[in-house]
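Numbering (the numbering used here), first residue to last: 11 to 237.
Dropping the structure here:
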């Protein structure tokens, strides 16, 4: 049984202008993402996966249509309101980890919590718990340069969920890893999603990982369609 709808896209369109050309990426796209659901977004490069994630994740505004988060339409929100939602309710993981090199793994995970206003001790305890859950608790004091690629990405995933978001957006989270490491990192990501009950939309080229999710979708002529 599916949980409640967390993200809804209704007739979303997004285009870009390059010189005299108008590039339509999303064209009246509709989509539902439910609580506790993992959905794989599988499509070739250049078809708009990142645009879809950025629009659903309130990083870009649609040119038409609505993005609805937990029943709340986000179209009329100010930039500050959208930023607050991204900070508190949405998590993002990218192909490259984007960890802050001068801070330890623990401190990187603490950072979004401190920005949210949590006390330092609370943030540290939560960060330590997440590192243990991702099976890298013994690497808490290591800086990113001292971590393997798989460890760096697990820190990035822990950081993305540090504020207990409603939705996790991931853009090729294992695309920079070898197959064995990718599978191990995805195991950790899947366990975290299942245990926490958050919703996840994950863009991936890895069909093996995509088949492990609840369902798969792709982009076709600017629409989101099932695979």
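All C-beta atoms, glycine included, are put in the ideal place defined by N, C-alpha and C.
| Asked | Found |
| --- | --- |
| I'd like to confirm the pairing. Which residues does DSSP put opposite residue 180 in its beta bridges? | 103 and 212 |
| So the beta strand (DSSP E) residue 43 belongs to, where does it begin and stop? | 31 to 44 |
| Can you name the residues that DSSP bridges to residue 203? | Answer is none; residue 203 lacks a bridge partner. |
| So, with DSSP's three-state summary, where would you put residue 153? | coil |
| Just mark residue 220 as buried or exposed, buried being the case when its beta carbon has 16 or more other beta carbons within 10 Å. | buried |
| Tell me the rounded alpha-carbon separation between residue 170 and residue 188. | 22 Å |
| Nearest by alpha-carbon distance to residue 175: which of 102, 118 and 197 is it? | 102 |
| Name the two residues that bound the continuous beta strand (DSSP E) containing residue 236. | 233 to 236 |
| Are there 16 or more other CB atoms within 10 angstroms of the CB of residue 110, so buried, or fewer, so exposed? | exposed |
| Less than 7 Å separating the beta-carbons of residue 181 and residue 55? | no |
| Do the segment 151 to 168 and the segment 114 to 130 meet, that is, are 3 or more Cβ pairs less than 8 Å apart? | yes |
| CA-CA distance, residue 51 and residue 153? | 32 Å |
| Determine the closest residue to residue 81 out of 145, 45 and 70, with distance taken between C-alpha atoms. | 45 |
| Are the segment 17 to 32 and the segment 66 to 83 in contact at 8 Å, needing three or more beta carbon pairs? | yes |
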